[in-house]
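Chains as they are written, first to last, in this note's numbering: chain G, 283 to 377; chain Z, 6 to 253; chain W, 158 to 354.
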């Protein structure tokens, strides 16, 4: 995995897959496989397809369509705070 | 799903290339993993400074063991430690394996097209190994192909094993050498382009499950070429590693 | 704290008594991106100050460069624990920009191209404490580091120095910006380690 920022500036994001680990501290199931609807533009797809921007301030997933924030996770050391208001819903299929 | 950080023990190390090494880890309590998943590894310095990185799992093993293959990056912070310093018997903090979307299960009978850009071959190797472990039992007949874009023969991970698998009916492997061709090769090195991609991969009419992994620029470009060639976006799954590479 | 990884030291970093608590010196200049890097051509750039009554003060790139320019050498501290000492910038002081602005509001929200926001009290922008910077280390500020221009408020944690700044909105009361609404401190004084709520 990358330790540094892109040589190609247009592609400086990672996959939503990479959020699975941090999100596992809050959710009992892996939500990167869940479909979510962007509250801004309505694009609905699996969270793993979202774009994760590498930022040590917090984990950010952005909509690949409109680039608005889908979710924001901040780890302050003694607590983890998740902002989901960029998603109007999450849908997970029962197997 | 395993949550939280757990202590794993390094039970073996194996060099893949001059820059990359596979670490086999034992995670007590793990009961198998899915092909395509990844783990997060956390290192802690004596003053409490921590660094966390994600690594794809390369293996398809039952039980409490899994392999990660790490490539040392020039200005890396964690990779040099994992490739040059970690030794058998050392402990690492690991979270996961996680990731339920970029996975391949043997129960899926579709044809499979794997496309790797450099170190992106790691999770795809897990899928190939899962296929190999399953194929002989179930007589899995659907075609499996791997397209592996790599700098040169010295950069190939799992070289011997891939050669063996490629010689079997289980998978067809195509190497794209971008900088150095193997000795005696009549093909000059060159980057992957849309035309070569189209001739090397399973056609859209086969409706293959496609898995692309590598640097973000490589993955996005290849995915675009595939959809332009008629593959359905819904059948393409990607694992983008961010920015260590450039376009194909 | 997790188990210590024997022999792991991480990126070169040094403790230094000149640093605020919990900070380490870095030789590099890490780029933390919260989203796609905006690409704004100078001819399209503008900076506005909007008062609490709706009055708008606007500068385009040429007008901005024609203002009094300051050369600043200062230390910067990122909440993610890296610090750089003696960084050099060129930009326009907020004192210069506020000369023509009448406002009774005590708080501001900085807005950036791309949607980032961060709140800073007005008194922390004035009296030689803040600039709109367009050069770093003698060179034009690169987009990855916030160019064409970024807010520079070095006495607060560096997330307050909004990259790609496009304006300031005057507020009658303090409101949380992008990170402040999700766990980060409203004020952010590195010397009192005001990192989180």
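For each residue, glycine too, the CB sits at the ideal point set by N, CA and C.
Remember, predicted model here, so these are calculated numbers, not experimental data.
At the 8 Å Cβ level, is residue 54 of chain Z part of the contact set with chain W, yes or no? yes
Check your understanding: Mind checking residue 225 of chain W: buried by the 16 CB within 10 Å criterion, or exposed?
Key -> exposed
>> Tell me which residues of the segment 171–200 of chain W have at least one Cβ-Cβ distance to chain G shorter than 9 Å, keeping chain order.
In response: 187, 188, 189, 190, 191, 192, 193, 194 and 196
Residues of the segment 104–123 of chain Z with Cβ closer than 7 Å to any Cβ of chain G, in chain order:
104, 105, 106 and 107
Return helix, strand or coil for residue 69 of chain Z, following the three-state DSSP convention. coil
| said: Please confirm whether residue 339 of chain G has its beta-carbon closer than 8 Å to some beta-carbon of chain W. | reply: yes
Exercise for review: Find out if the Cβ-Cβ distance for the pair residue 131 of chain Z, residue 175 of chain Z is shorter than 8 Å.
Suggested key: no
Check your understanding: Under three-state DSSP, which class holds residue 254 of chain W?
Key -> helix
Notebook entry, point to check: Based on Cα-Cα distance, which residue from W:188, W:163, W:259 and W:261 lies nearest to residue 320 of chain W?
Noted result: W:188
Could you pull out every unbroken beta strand (DSSP E) segment of at least 3 residues lying fully inside the segment 117–152 of chain Z, listed in chain order? 117–122
Could you check if residue 43 of chain Z is buried or exposed, using at least 16 other CB atoms within 10 Å of its CB as the buried criterion? buried
Could you tell me whether the Cβ of residue 245 of chain Z comes closer than 8 Å to any Cβ of chain G?
yes
Could you give the distance in angstroms between the alpha-carbon of residue 312 of chain G and the alpha-carbon of residue 355 of chain G?
15 Å
At 3 residues or longer, and completely inside the segment 220–252 of chain Z: list those beta strand (DSSP E) runs for me, N to C. 241–245
Buried/exposed call for residue 236 of chain Z, threshold 16 Cβ in 10 Å = buried
* Asked: What are the residues of the segment 326–359 of chain G that lie near chain A, defined by any Cβ-Cβ distance shorter than 9 Å?
  -> Here chain A cannot be found, since the structure's protein chains are G, Z and W.
*For residue 167 of chain W, which residues in chain Z fall below 7 Å Cβ to Cβ?*
50, 54, 56 and 82
Exercise for the section: Would you kindly work out how many angstroms separate the C-alpha atoms of residue 62 of chain Z and residue 124 of chain Z, rounded to a whole number? Expected result: 12 Å
* Asked: What residues of chain Z sit near residue 295 of chain G, judged by a beta carbon separation below 9 Å?
  -> 221, 245, 247 and 248
**Item:** Opposing strand residues paired with residue 267 of chain W [DSSP bridges]
**Value:** W:275 and W:325
### Message
Any beta carbon of chain G sitting closer than 8 Å to that of residue 373 of chain W?
### Response
Outside the shown range of chain W, which is 158 to 354, sits residue 373 of chain W, and nothing can be said about it.
Coil, strand or helix - residue 182 of chain Z by DSSP | strand
Q.
Which of the three DSSP states is assigned to residue 213 of chain W in this structure?
A. strand
### Message
Against chain Z, does residue 162 of chain W count as a neighbour if the rule is that its beta carbon must be under 8 Å from one of theirs?
### Response
yes
| message | So residue 293 of chain G and residue 221 of chain Z are supposed to be a Cβ contact under 8 Å. How far apart are they, rounded? | response | 4 Å
C-beta contact flag for residue 120 of chain W and residue 283 of chain W at 8 Å = This structure does not reach residue 120 of chain W, given that chain W is present from 158 up to 354, and the question cannot be answered.
- In this structure, what does DSSP give as the bridge partners for residue 249 of chain W? W:289
Practice task
Give the DSSP-derived three-state secondary structure of residue 159 of chain Z in the structure shown.
Solution key: helix
| task | Round the Cβ separation of residue 45 of chain Z and residue 303 of chain G to the nearest angstrom and send it over; I've been treating them as touching at under 8 Å. | result | 4 Å
Anticipated Cβ contact below 8 Å, residue 238 of chain W with residue 314 of chain W, distance rounded: Actually they are not in contact, since the Cβ atoms of residue 238 of chain W and residue 314 of chain W sit about 10 Å apart, beyond 8 Å.
Worksheet entry | Supposed close pair residue 117 of chain Z, residue 213 of chain Z - CB separation, criterion 8 Å | 6 Å
query = Between Z:148, Z:135, Z:188 and Z:151, which lies nearest to residue 158 of chain Z when the distance is taken from Cα to Cα?
reply = Z:188
task: Kindly indicate which residue of Z:203, Z:41, Z:210 and Z:49 has the alpha-carbon position closest to the one of residue 97 of chain Z.
output: Z:49
(Q) Nearer than 7 Å: is that true of the beta carbon of residue 262 of chain W relative to any heavy atom of the ligand NAP? (A) In terms of ligand content, the structure shown is empty, and the ligand NAP therefore cannot be addressed.
Which same chain residues, not among the five before or five after residue 85 of chain Z, have their C-beta less than 6 Å away from its C-beta? 77
**Message:** I'd like the list of long-range same chain contacts for residue 126 of chain Z, defined as Cβ closer than 6 Å, with 5 residues on each side in sequence excluded.
**Reply:** 153 and 162
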